[in-house]
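Engineer:
2 protein chains.
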Amino acid sequence: MRTILLTIAYDGTDYYGWQIQPDLPTVQGEIEKALHRVTGKEIHINGTGRTDRGVHAYGQCATFRIGDGIPTDRIAYALNNSLPGGIRIVSAEEKPEGFHARFDAKGKTYRYRLLLCGPHEDADGAPQAQRQLLYLRNYVYQVNRPLDLAAMRKAAAAMEGTHDFACFQAAGGEERETTVRTVYRVELTERCLEEGFFPEEESAHVLDIDVTGDGFLYNMVRIMAGTLVDVGSGRIGAADVPAVIESADREKAGHTAPPQGLYLMRVYFEEDFGHGEE
Amino acid sequence: MRTILLTIAYDGTDYYGWQIQPDLPTVQGEIEKALHRVTGKEIHINGTGRTDRGVHAYGQCATFRIGDGIPTDRIAYALNNSLPGGIRIVSAEEKPEGFHARFDAKGKTYRYRLLLCGPHEDADGAPQAQRQLLYLRNYVYQVNRPLDLAAMRKAAAAMEGTHDFACFQAAGGEERETTVRTVYRVELTERCLEEGFFPEEESAHVLDIDVTGDGFLYNMVRIMAGTLVDVGSGRIGAADVPAVIESADREKAGHTAPPQGLYLMRVYFEEDFGHGEE
Numbered sequence: 001m002r003t004i005l006l007t008i009a010y011d012g013t014d015y016y017g018w019q020i021q022p023d024l025p026t027v028q029g030e031i032e033k034a035l036h037r038v039t040g041k042e043i044h045i046n047g048t049g050r051t052d053r054g055v056h057a058y059g060q061c062a063t064f065r066i067g068d069g070i071p072t073d074r075i076a077y078a079l080n081n082s083l084p085g086g087i088r089i090v091s092a093e094e095k096p097e098g099f100h101a102r103f104d105a106k107g108k109t110y111r112y113r114l115l116l117c118g119p120h121e122d123a124d125g126a127p128q129a130q131r132q133l134l135y136l137r138n139y140v141y142q143v144n145r146p147l148d149l150a151a152m153r154k155a156a157a158a159m160e161g162t163h164d165f166a167c168f169q170a171a172g173g174e175e176r177e178t179t180v181r182t183v184y185r186v187e188l189t190e191r192c193l194e195e196g197f198f199p200e201e202e203s204a205h206v207l208d209i210d211v212t213g214d215g216f217l218y219n220m221v222r223i224m225a226g227t228l229v230d231v232g233s234g235r236i237g238a239a240d241v242p243a244v245i246e247s248a249d250r251e252k253a254g255h256t257a258p259p260q261g262l263y264l265m266r267v268y269f270e271e272d273f274g275h276g277e278e
Numbered sequence: 279m280r281t282i283l284l285t286i287a288y289d290g291t292d293y294y295g296w297q298i299q300p301d302l303p304t305v306q307g308e309i310e311k312a313l314h315r316v317t318g319k320e321i322h323i324n325g326t327g328r329t330d331r332g333v334h335a336y337g338q339c340a341t342f343r344i345g346d347g348i349p350t351d352r353i354a355y356a357l358n359n360s361l362p363g364g365i366r367i368v369s370a371e372e373k374p375e376g377f378h379a380r381f382d383a384k385g386k387t388y389r390y391r392l393l394l395c396g397p398h399e400d401a402d403g404a405p406q407a408q409r410q411l412l413y414l415r416n417y418v419y420q421v422n423r424p425l426d427l428a429a430m431r432k433a434a435a436a437m438e439g440t441h442d443f444a445c446f447q448a449a450g451g452e453e454r455e456t457t458v459r460t461v462y463r464v465e466l467t468e469r470c471l472e473e474g475f476f477p478e479e480e481s482a483h484v485l486d487i488d489v490t491g492d493g494f495l496y497n498m499v500r501i502m503a504g505t506l507v508d509v510g511s512g513r514i515g516a517a518d519v520p521a522v523i524e525s526a527d528r529e530k531a532g533h534t535a536p537p538q539g540l541y542l543m544r545v546y547f548e549e550d551f552g553h554g555e556e
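So the protein sequences, as listed, match chains F and X. Under the numbering used here, the final residue of the first sequence carries the number 278; numbering is consecutive throughout. Under the numbering used here, the final residue of the second sequence carries the number 556; numbering is consecutive throughout.
#1: Do you know how far the Cα of residue 531/X is from the Cα of residue 302/X?
#2: Between residue 113/F and residue 214/F, what straight-line distance do the alpha-carbon atoms span, to the nearest angstrom?
#3: State the DSSP-derived secondary structure class of residue 223/F, mapped to helix, strand or coil.
#4: At a Cβ threshold of 8 angstroms, is residue 363/X touching chain C?
#5: Do the CB positions of residue 79/F and residue 34/F come within less than 8 angstroms of each other?
#6: Which of the residues in the stretch 431-457 of chain X, read from start to end, lie with their CB under 8 angstroms from any CB of chain F?
#7: From the beta carbon of residue 136/F, is the nearest beta carbon of chain X less than 8 angstroms away?
#8: Beta-carbon separation of residue 108/F and residue 264/F under 8 angstroms?
#9: Between the stretch 501-513 of chain X and chain F, which residues of the former have CB atoms less than 9 angstroms from a CB of the latter, in chain order?
#10: The stretch 88-100 of chain F: which residues have C-beta closer than 9 angstroms to a C-beta of chain X, in chain order?
#11: For a contact defined as C-beta to C-beta under 9 angstroms, what are the partners of residue 239/F on chain X?
#12: How is the alpha helix (DSSP H) around residue 108/F delimited, first residue to last?
#13: Counting along the chain, where does the beta strand (DSSP E) carrying residue 75/F start and finish?
#14: Between 198/F, 175/F and 211/F, which lies nearest to residue 155/F when the distance is taken from Cα to Cα?
#15: Can you tell me the Cα-Cα spacing of residue 326/X and residue 26/F, whole angstroms?
#16: Quickly, what does DSSP pair residue 46/F with across the bridge? List them, please.
#17: By the 10 Å Cβ neighbour count, where 16 or more other Cβ atoms means buried, how is residue 11/F classified, buried or exposed?
#18: In chain order, what residues of the same chain have a beta carbon less than 7 angstroms from the beta carbon of residue 547/X, not counting five sequence neighbours either side?
#19: Tell me which residues share the same chain as residue 298/X and place their Cβ nearer than 8 angstroms to its Cβ, disregarding the 5 neighbours each side in the sequence.
#20: Secondary structure at residue 516/X, three-state DSSP: helix, strand or coil?
#21: When you compare each of 43/F, 163/F and 138/F to residue 2/F by their alpha carbons, which one comes out closest?
#22: Would you be able to state if there are at least three C-beta pairs under 8 angstroms between the stretch 166-182 of chain F and the stretch 215-225 of chain F?
#23: Kindly list the residues whose CB is nearer than 8 angstroms to the CB of residue 412/X, restricted to its own chain and excluding five residues on each side of it in sequence; keep chain order.
#24: Taking the beta carbon of residue 537/X as the centre, do at least 16 other beta carbons fall within 10 Å, making it buried, or is it exposed?
#25: Can you tell me whether residue 408/X is buried or exposed, with buried defined as 16 or more other CB within 10 angstroms of its CB?
#26: Under a three-way DSSP split, which group does residue 55/F fall into?
#27: In the structure shown, what three-state DSSP assignment does residue 298/X receive?
#28: In three-state DSSP terms, what is residue 169/F?
#29: If you pair each beta-carbon of the stretch 232-243 of chain F with each one of the stretch 142-162 of chain F, do three or more pairs fall below 8 angstroms?
#30: So for residue 423/X, helix, strand or coil by DSSP?
#31: Does the CB of residue 543/X have a neighbour CB from chain F at under 8 angstroms?
#32: What's the C-alpha gap between residue 450/X and residue 330/X?
#33: Is residue 319/X helix, strand or coil by DSSP?
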């Protein structure tokens, strides 16, 4: 038996999240169906992160075991021919026996993407911002208030490090042994989209919040992003963020930013840290 | 009674075209439902063009009649609050009694959008182009062959003017009195997307084919776009396009480009030609 690691990109708009569910389209379900069409076998895959409905990925990972048959270097091509256009296998590689996309993951990077729009009105008083989001509505969290980026960067720095992140955990996830996690980096990058694909991108500003950590609690990145937006709009003081974390109280943190702004960018394994021993 | 002209933008991905159909989501159906929610009345709207399933619009038009009640300058705002995010009312304006979005239209501009990608393979031999189209797959026609733009521009010029365009008409549309139409302009604009919203836009080339005419036969723009792609890839000679039109034979023209690359950009009425007499 070979152990195969898939790297997967997907547009989460049309899926009820990663995890397989009866009678609902999910990313895991579509990939297992495609594996069945390609190999004729029922193959179960283990994903690194169970992304929620509407959340996207550029670098989700999953492992499965497979016997003889399709060569490893044809798996991505064969699956892509069988998968819907919104799910793409970026690569498939063989790993040592027992390698597991979830248990062997050492960390992940998520991106949370904001679209910063001023509150505009057209001649009729109708908010122009509504039109702006026609084509990007499923891929970004639109914020119509001015945001104080310096305050957000200060708050982001306070979120880095090893903390009990219970304040950034939503109810409803799996039970965890501990709510202590290490956030290696929270990086804010703003850029202006000069001439994009859609007219709505013209003169829009994108603010990406890239969060890298060793693990994440349920909805943690979305609550971090919502908290940063609340800091940027003055609802929460940047200087208060350490106390919010200290409190371990979900009520003291900011709102949960919506799923469509979230992208699972990359999963890190032992060898990504440069001291693998395969 | 007031006569109201709506200008409408929509993402056609989730709709079975413009025209209302029982039990299927359509753009006209969603707008009539929203009008009912906003006014409490059953109001029928007349659209300018019956776009097909998957076709988009930035400037579709539609008219309807309405009595007292909601002020004209609040209609767009009220409808947008009631419509799904993929349909946006750009404007609502009062027109003279009897004005009709379809019968008073003097012309339209459609855009057909191609994404030009070289045939790339990654290290595993899997076509990279498949990944590139994850997020733009519903908004563009991806072409992986090199295209001869000079030949396409020559063919485009041959499509301009007043001709019997029966060769560019698909079966299945409404019956028309004549297949003679005037195409005022076919313009090709290529541009490179430097740093777009999605990574797949990086270094992609967009080729827009903008077609303005007094009227269009069923699938005419999609067949014109497919014919131009066939000219660009050498399947049809640019010098043969006048004879293709002359033949009035659908079999001699090129393939029908897929719906997701097509956008209804603008509808022209009498006053847009500068000699209105309202």
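Ideal placement from N, C-alpha and C gives every residue a C-beta, glycine not left out.
Structural biologist: On the basis of the supplied data:
#1: Sequence index remark: in the second sequence, residue 302/X carries index 24 (1-based). Sequence index remark: in the second sequence, residue 531/X carries index 253 (1-based). Taking the straight line joining both Cα atoms gives about 32 angstroms.
#2: The residue you call residue 113/F lines up with position 113 of the first sequence. The residue you call residue 214/F lines up with position 214 of the first sequence. Rounded to whole angstroms, the separation of the alpha carbons of residue 214/F and residue 113/F is 21 angstroms.
#3: The count along the first sequence starts at 1 and reaches residue 223/F at position 223. Helix.
#4: Looking at the structure shown, chain C is missing, and the protein chains on hand are F and X.
#5: Within the first sequence, residue 79/F is the residue found at index 79, counting from 1. Within the first sequence, residue 34/F is the residue found at index 34, counting from 1. Against a cut-off of 8 angstroms, the Cβ pair of residue 34/F and residue 79/F comes out as a contact.
#6: The stretch 431-457 of chain X vs chain F, Cβ under 8 angstroms: nothing.
#7: In the first sequence, counting from the first residue as 1, residue 136/F sits at position 136. Look at residue 136/F: its C-beta is under 8 angstroms from a C-beta on chain X.
#8: For the purposes of this step, residue 108/F is identified with residue 108 of the first sequence, where counting begins at 1. For the purposes of this step, residue 264/F is identified with residue 264 of the first sequence, where counting begins at 1. Yes, the Cβ-Cβ distance between residue 108/F and residue 264/F is below 8 angstroms.
#9: Within the stretch 501-513 of chain X, no residue qualifies.
#10: Only 88, 89, 90, 91, 92 and 93 from the stretch 88-100 of chain F bring a Cβ to less than 9 angstroms from some Cβ of chain X.
#11: The count along the first sequence starts at 1 and reaches residue 239/F at position 239. Residues of chain X passing the Cβ test: none, with the nearest at roughly 33 angstroms.
#12: By 1-based counting over the first sequence, the position of residue 108/F is 108. First-last for residue 108/F: 105-116, but that is the beta strand (DSSP E), not the alpha helix (DSSP H).
#13: Here residue 75/F refers to the residue found at position 75 of the first sequence. That residue, residue 75/F, is in no beta strand (DSSP E); its alpha helix (DSSP H) goes 72-82.
#14: To locate residue 155/F, count along the first sequence from 1; it is residue 155. The shortest CA-to-CA distance from residue 155/F to any of 198/F, 175/F and 211/F is the one to 211/F.
#15: Mapped onto the second sequence, residue 326/X falls at position 48. Mapped onto the first sequence, residue 26/F falls at position 26. Going from the Cα of residue 326/X to the Cα of residue 26/F covers about 38 angstroms.
#16: Looking up residue 46/F in the first sequence gives position 46. Looking at the DSSP assignment, residue 46/F forms a beta bridge with 63/F.
#17: On the first sequence, residue 11/F is found 11 positions in, with the first residue counted as 1. Per the 10 Å Cβ criterion, buried.
#18: For the purposes of this step, residue 547/X is taken as the residue at position 269 of the second sequence. Excluding positions up to five away in sequence, the list reads 382, 383 and 384.
#19: Taking the first residue of the second sequence as position 1, residue 298/X is located at position 20. Correct list, in chain order: 304, 306, 307 and 310.
#20: For the purposes of this step, residue 516/X is taken as residue 238 along the second sequence, with counting starting at 1. Helix at residue 516/X.
#21: By 1-based counting over the first sequence, the position of residue 2/F is 2. Selected option, being the one with the closest Cα: 43/F.
#22: Flag = yes, the stretch 215-225 of chain F and the stretch 166-182 of chain F touch.
#23: Taking the second sequence and counting its residues from 1, one reaches residue 412/X at position 134. If we look at residue 412/X and ignore the five residues flanking it on each side, its Cβ neighbours are 476 and 478.
#24: Taking the second sequence and counting its residues from 1, the one referred to as residue 537/X is at position 259. Its Cβ being crowded by 16 or more others within 10 Å, residue 537/X is buried.
#25: What you label residue 408/X is simply residue 130 of the second sequence in a count that begins at 1. Since pLDDT at residue 408/X reaches only 44, below the 50 mark, its modelled position is unreliable, and the value read off the structure follows with that caveat. Residue 408/X is buried by the Cβ-count criterion.
#26: In the first sequence, residue 55/F corresponds to position 55, counting from 1. Here residue 55/F sits in coil by DSSP.
#27: Here residue 298/X refers to the residue found at position 20 of the second sequence. Residue state for residue 298/X is assigned as coil, using DSSP reduced to three classes.
#28: Looking up residue 169/F in the first sequence gives position 169. Here residue 169/F sits in coil by DSSP.
#29: Yes, the stretch 232-243 of chain F is in contact with the stretch 142-162 of chain F.
#30: Taking the first residue of the second sequence as position 1, residue 423/X is located at position 145. Of the three classes helix, strand and coil, the one that applies to residue 423/X here is coil, per DSSP.
#31: Locating residue 543/X in the second sequence gives position 265, counting from the first residue. Among the CB atoms of chain F, none fall inside 8 angstroms of the CB of residue 543/X.
#32: Residue numbering aside, residue 450/X sits at position 172 when the second sequence is read from its first letter. Residue numbering aside, residue 330/X sits at position 52 when the second sequence is read from its first letter. The alpha-carbon of residue 450/X is positioned some 12 angstroms away from that of residue 330/X.
#33: Numbered from its first residue, the second sequence carries residue 319/X at position 41. Three-state result, residue 319/X: coil.
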